[in-house]
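Worksheet: the structure to be examined is printed underneath.
2 protein chains.
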Amino acid sequence: MDDKIYEPLSIETLGARLGNVEAVASKIGPDNSNWDVKEVGDGNLNLVFIVKGELGSVIVKQALPYVRLVGDSWPLPLKRAFFEYHALIRQNERAPGTVPEIYYFDEVQAIIVMEFFAPHVILRHSLMAGKKHHGMANVLGLFCARTLFRGSDLSMDAAKRKADVALFVDSVELCDITETLVFSDPYFDADRNHHTPQLDPVVARLRADIDLKVEAHHLKAKFCNNAETMLHGDFHTGSVMVTEDETKVIDPEFALYGPIGFDVGMLLANFWMAYFAQPGHADSLGARADYQAWILSVIEEVWTVFCVEFSRLWRHERTGILYEKTLFEDQGHDLASEQALGHRLQDIWQDTLGFAGVEIIRRTLSLAHIAENDMIEDEALRADCEARGLELGRHLVVNRKGINSIICANDLARVIGQRNSTLKSGEKQ
Amino acid sequence: MDDKIYEPLSIETLGARLGNVEAVASKIGPDNSNWDVKEVGDGNLNLVFIVKGELGSVIVKQALPYVRLVGDSWPLPLKRAFFEYHALIRQNERAPGTVPEIYYFDEVQAIIVMEFFAPHVILRHSLMAGKKHHGMANVLGLFCARTLFRGSDLSMDAAKRKADVALFVDSVELCDITETLVFSDPYFDADRNHHTPQLDPVVARLRADIDLKVEAHHLKAKFCNNAETMLHGDFHTGSVMVTEDETKVIDPEFALYGPIGFDVGMLLANFWMAYFAQPGHADSLGARADYQAWILSVIEEVWTVFCVEFSRLWRHERTGILYEKTLFEDQGHDLASEQALGHRLQDIWQDTLGFAGVEIIRRTLSLAHIAENDMIEDEALRADCEARGLELGRHLVVNRKGINSIICANDLARVIGQRNSTLKSGEKQ
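Chains A and B, in that order, give the protein sequences.
Heads up, the first sequence is in our numbering, so the first residue is 32 and it goes up one at a time.
Heads up, the second sequence is in our numbering, so the first residue is 32 and it goes up one at a time.
Rendered as structure tokens:
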């Protein structure tokens, strides 16, 4: 085998190919013939192996030259492993202990060997099972604030940030996926779209909704042009791993420079969708009411922790070229610094709501849906859960500048979640 | 001489060093011993030569490894010639015939040989002399609309635009000049600042003005992070050359990706400052009243032409990834496209006013001032002209979201220009 030519790993070849890499063998065990290799990639894009040995276990992740979910008809460059590697390094500096430690990276083979989190499970599965996680909202809120603040011109050396913008802007193909699947496909009858049939009348109404389309595209313009900070870029509940009391963040291969509100909005959207999906997973009517309340409390806490930590960092780590302390605090203008912080948080809040709305809509009408809805076998019930999400999503996108607080946003979700189905009463054909 | 080692040109060496370059000699004449070489760089940064021969004349521009205005204590990388070269190529594609044609580029020597515009003069000098230029506003408005629209995600292939973002984001040192001199230095007592002494009380008031400082920094954040399009980056009236009926744009070495409103705002600001400076150049009281009216008419026309052409391009050349025709016009949603255009023009308008205000303030308080004011020998009169500019600038920055139209903005300038001096009546010590 030529190390300079990319070749996908397999269960059979992995031991031989990585056995001589000291940084890997020292984590798993020296005798690679004893390594226990399992392929566990349930994501949409990559090969993922758990490799166990006498010393421990690691994750081996390898990019494939195409989109795994679709097949080799949709090519996707291997360099996404390069972006994931660089994003993980930066996230680990900015929010230590939240993302997997990297043991080894091979750019040509598009392989990252990293820390294996056990017995953690993907949060999305946990949200279907109705399990609560202590401290999770706090970790997620802190992760957002720390990575998003510390990757921006509020904190970084300007030349370093510009170099990072240049590095990540080369991720053209993965950006294109987000630009297309998230911001464009949902708003017309694109080839890769699919939705639950009972939603037909709702979908027709949304696609005729000019205010929605225009606002969604303003958000797309922000996503494409507003390089505020290094984003995770795919920060949904499938990119979070949890135990009862530990929370980790994985899979930043979509990392790019974009607006701060994008990551936060995508995360809140996935919690709101999980909230609306609960009736599809309840053993009996109302059995998930308490769990739904917990999900809303998570949303409130994530946003609140984000704001508190972002404000703390603003006051104590504002070392970048924006709102320099020399011009604010050092001139006795502490109040001006607080005034500017308030404006920025208000902008981030409105962006967050908008991106949350866009995420809900694309996860219902575009290519990639969420397991919480997909696993509801009763199509009418699934459509009902999804329709409630769409209603919230549309409202968030169009009216994001008129929603006062996270309390109001959650109230809105609660009202939409609890009222009679609009699908059953009038629109189901 | 080693071609691989940078060496500044001189009047004596230029002929020998460029004489063998066919692309240059074919424009000037084959016998370089007959070339007539003059150094004419009156700018702040570079060597500029006019070279004449039997066949014609060219401009030879060479970057120096420091800021010429300040000296070698302020180093500045030679690669700015690279950015100017790439910007000129793109501007010439996007607004053909408005910028100098390039004959030759040497990256190591940081030399660009380009078209010599004669008998054109720098517009700023013309504005002091009180000369009018036919068709100028139209050319400038079209130049803004065409370069700014066609360098954005509204028009470009997304991958090409991302490659251009990566290319220009490497211009760290020139960005730093704008970030510092335009957006930060004016708002505190920075080392390189200077201002007309009679402005002391006005300057003290501005530097204590928290609303102004906060808004100026929001505009700085937009400038640093909002990579909407390739800007000229230094689009003032010293970067425009004119005859009675021809208008050209030069010197885009500060080119970068930034917000559309930045170029337009900087240009309008320099016209407004020229408006306020007229009493300092009038032979008798009121002698420049008609010329002042002409300047305001230029401002109105530049903005109007910009809007009309931007709208035309929006309707006919929207081939990028933003507001795709497939999702708008092709769905019968022409109105949605117009709605989105209206929102974007409104955003650009408010940005334009804000950046105009910031430009006026920095050209009065920071390192680089404008000749129209500097040439007024009577310090009290100069301060009065400058104070009127500062008053408009502060208003534009803080109240940019509440100024309805270019008519209103010009009315404001007229009122500020015509009332009694606030300096003389109360504040002069």
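The beta carbon of each residue, even a glycine, is placed where N, CA and C say it ideally should be.
As the structure is a prediction and not an experimental result, all values here were calculated from the model.
- Flagged as an interface residue toward chain A: TYR218(B), by a C-beta distance shorter than 8 Å.
- Contacts between LEU353(B) and chain A, judged by CB atoms closer than 7 Å, involve HIS248, LYS251, ALA252 and CYS255 in chain order.
- Taking 8 Å as the cut-off, the Cβ atoms of ALA286(A) and PHE114(A) count as close.
- Excluding its 5 nearest sequence neighbours in each direction, PRO150(B) has C-beta neighbours in its own chain below 7 Å: THR274, listed in chain order.
- Checking the DSSP bridge columns, you'll see ASN257(B) partnered with ASN257(A).
- Rounded to the nearest angstrom, the Cβ distance from LEU154(A) to ALA399(A) is 16 Å, too far for a contact under 8 Å.
- For HIS374(B), the closest Cβ of chain A is nearer than 8 Å.
- Nearest neighbour of GLY311(B) by Cα position, chosen from ARG125(B), MET167(B), ASN77(B) and ILE407(B), turns out to be ILE407(B).
- Taking all protein chains in view, the Cβ of TRP66(B) is crowded by 16 or more other Cβ atoms within 10 Å, so the residue is classified as buried.
- At a cut-off of 8 Å between beta carbons, GLU259(B) contacts chain A.
- Where ASP103(B) is concerned, the enclosing beta strand (DSSP E) starts and stops at 102-106.
- In the DSSP assignment, ALA94(A) forms a beta bridge with ASN77(A).
- Listed by position along chain B, the residues whose Cβ is nearer than 7 Å to that of LEU366(A) are ILE241.
- Here ASP240(B) is near ARG425(B), since their CB atoms are less than 8 Å apart.
- With the criterion set as a beta carbon lying under 7 Å from some beta carbon of chain B, the members of the stretch 191-203 of chain A are LYS193, VAL196, ALA197, VAL200, ASP201 and VAL203, in sequence order.
- Fully contained in the stretch 150-204 of chain B are the following alpha helix (DSSP H) runs of length 4 or more, in chain order: 154-160, 167-181 and 189-199.
- A residue is called buried when at least 16 other Cβ atoms come within 10 angstroms of its Cβ; VAL329(B) meets this threshold and is buried.
- In this structure, LEU173(A) lies away from VAL271(A), with their beta-carbon atoms at least 8 Å apart.
- Annotation: THR44(B) is outside any beta strand (DSSP E) and is labelled neither H nor E by DSSP.
- For ASP207(B), the C-beta contacts it makes with chain A under 9 Å involve ALA189, ALA190 and ILE352, in order along the chain.
- At the C-beta level, ALA189(B) and VAL203(A) come within 8 Å of one another.
- When VAL101(A), ASN51(A) and GLY385(A) are compared, the shortest CA-CA separation from ILE208(A) is found for VAL101(A).
- By the beta-carbon neighbour count (other beta carbons within 10 angstroms, threshold 16), GLY373(A) is exposed.
- Below the 7 Å Cβ cutoff, chain A contributes no neighbours of ALA176(B), its closest Cβ being approximately 18 Å away.
- Within the stretch 368-399 of chain B, the residues whose Cβ lies closer than 7 Å to any Cβ of chain A are, in chain order, GLN370, ALA371 and HIS374.
- The Cβ atoms of HIS263(B) and PRO283(B) lie closer than 8 Å to each other.
- Chain-order list of chain B residues neighbouring ASP184(A): ALA252, CYS255 and ASN256, by C-beta distance under 8 Å.
- For GLY289(A) against ALA258(A), the beta-carbon gap comes to about 7 Å, under 8 Å, which counts as contact.
- For THR227(B), no chain A residue has a Cβ inside 7 Å of its Cβ, as the nearest lies near 22 Å away.
- A Cβ-Cβ contact shorter than 8 Å links ALA444(B) with TYR306(B).
- Listed along chain B are PHE219, each with a C-beta nearer than 7 Å to that of THR357(A).
- For LEU287(A), the enclosing beta strand (DSSP E) covers residues 287-289.
- Any Cβ of chain B closer than 8 Å to the Cβ of GLN122(A) would place that residue at the interface, and such an atom is absent.
- MET304(A) is positioned such that its CB atom lies closer than 8 Å to that of ARG394(A).
- Following the DSSP letters along the chain, one finds PHE136(B) inside the beta strand (DSSP E) bounded by residues 133-137.
- Between ALA320(A) and MET159(A), the C-beta gap is not smaller than 8 Å, which leaves the two residues out of contact.
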